[in-house]
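Just so it is clear: in the sequence shown, position 324 is 324 by UniProt numbering, and no numbers are missing.
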Amino acid sequence: MDGTMRVMVLHAPGQPLREERWPVPRPGPQEVLLRVHACAVCRTDLHLVDGELPRPKLPVVPGHEVVATVVEAGAEVMGLEVGSRVGVPWLGWTCGQCRFCVSGRENLCDYARFTGYQVDGGYAEYTVAHHRFCFPLPASFPDFHAAPLMCAGLIGFRSLRLAGEGERLGLYGFGAAAHVLIQVARYQGRRVFAFTRPGDEAGQHFARELGAVWAGGSDALPPESLDAAILFAPVGALVPEALRAVDKGGVVVCGGIHMSDVPSFPYALLWEERAVRSVANLTRADALDFLVLAPLVPVRTEVRVFPLSAANEALTALREGQVRGAAVLDTRS
């Protein structure tokens, strides 16, 4: 396909994105050219813009929660046809040969490339993606509501798996990921305790609307001990707070790619077989399993839609906590 496309581009950390016209990219032999319909805005995009992620491709088109249609396929592409609607996540390519890939841990691949960070992403009218990392989307999810599934949903789902089978689950930071994950957790029969910024009554009300049995500030202890806690807020000081909240044998899962420094804390908070662990990226198996589960729950995403040209405004709204659910860019407007 010839011609140009609109893109929102980061040229240097700390600068706003620029709206530009770039040539429509050509897909390689194992890639597909995608017409982007929607791209959700993730907190990782904020970390990218703020310079908190090392060595990004620059200039780069952000965006890794992509909903798109295949318009052209490379000669070696299998399993995707022109006209297929797919989602593209953060993990954009793996080598398939390193010790992590061959042991089922491709999310830790030594040579992985990431969408909207090391390869151009979905803040654009068109993008290219490797065919192995494009996933057919359930038809029951319209474009804007499918977009948050590709990171908020997937990373939340992987975090939940690593949190174990406990019934009492705490979620620290009630944004895009938590508003999806609470629905999955309740479907699995868990009770969810939601933690927001202190004083965020709107966020706490939203959590209770979605079925949280308790909602309060992150500076408070829940009314009973937790079996596990997942931290979506990128605040290292919440790690010892979450350890205080979990019961013996409990686990604290840090679900973000970036977090401020974790302060020192007494060993007593970790003792009695409590654990702290991080989540890195996702695997294709996570994506396939979650996209089967999401329609069964069924997950309902709440979104605030911005035109593509308003990507900076969407990032600001996310930074300031003004988005209920997920922010999504409409790349066709």
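From the three backbone atoms N, C-alpha and C, an ideal C-beta is built for every residue, glycine too.
Query	Result
CB-CB length for Val66 against His131, believed under 8 angstroms	14 angstroms between Cβ atoms; not a contact.
Under the three-state DSSP convention, the category Val297 falls into	coil
Cα-Cα separation, Glu201 to Val71	45 angstroms
Beta-carbon proximity list for Leu34, same chain, < 8 angstroms, skipping 5 on both sides	Val66, Ala68, Thr69, Val70, Val71, Val86, Val88, Tyr126, Thr127, Val128, Ala129 and Cys134
4-residue-minimum alpha helix (DSSP H) runs that sit fully inside the stretch 143–171, ordered along the chain	143–146 and 152–163
Check whether Ala229 and Leu169 have beta carbons under 9 angstroms apart	yes
Alpha carbon of Leu221 to alpha carbon of Phe232, nearest angstrom	17 angstroms
Touching by the beta-carbon criterion (3+ pairs, under 8 angstroms), the stretch 95–110 and the stretch 54–64	no
Among Glu313, Asp330, Leu288 and Trp90, the one whose alpha carbon lies nearest that of Val323	Glu313
Cβ separation of Pro27 and Gly83, assumed to be a contact under 8 angstroms, to the nearest whole Å	That belief does not hold up - the Cβ atoms of Pro27 and Gly83 are roughly 15 angstroms apart, past 8 angstroms.
Buried/exposed call for Gly96, threshold 16 Cβ in 10 Å	exposed
Phe141 vs Val184 beta-carbon contact at 9 angstroms	no
Cβ pair count under 8 angstroms reaching 3, the stretch 212–220 against the stretch 189–201	yes
Residues near Cys236 by beta carbon distance below 7 angstroms, same chain, minus five either side	What sits at residue 236 in the sequence shown is Gly, not Cys. Here the set comprises Met259, Ser260, Asp261, Val262 and Pro263.
In DSSP terms, what Cys101 is bridged to	Answer is none; Cys101 lacks a bridge partner.
Pair within 9 angstroms by beta-carbon distance, Pro13 and Asp45	no
Terminal residues of the beta strand (DSSP E) in which Thr69 lies	Val66 to Ala73
Sheet register partners of His179 (DSSP bridge)	Its beta-bridge partners do not exist; DSSP assigns none.
Rounded separation between Gly164 and Val251 - CA only	8 angstroms
For Val292 and Val239, the rounded distance between their alpha carbons	32 angstroms
Within the UniProt domain "Alcohol dehydrogenase-like N-terminal" (28–138), ranges of the alpha helix (DSSP H) (whole runs, at least 4 residues)	43–49
Integer Cβ distance of Ala40 from Ala147, believed to fall under 8 angstroms	4 angstroms
Length at least 3, wholly inside the stretch 181–233: the beta strand (DSSP E) runs in chain order	191–196, 214–217 and 226–231
Residue from Val7, Arg186, Met8 and Ala242 whose Cα sits closest to the Cα of Pro298	Arg186
Secondary structure, beta strand (DSSP E): runs of 3+ residues fully inside the stretch 240–282	246–254 and 275–278
Contact check, Val180 vs Ala152, beta carbons under 9 angstroms	yes
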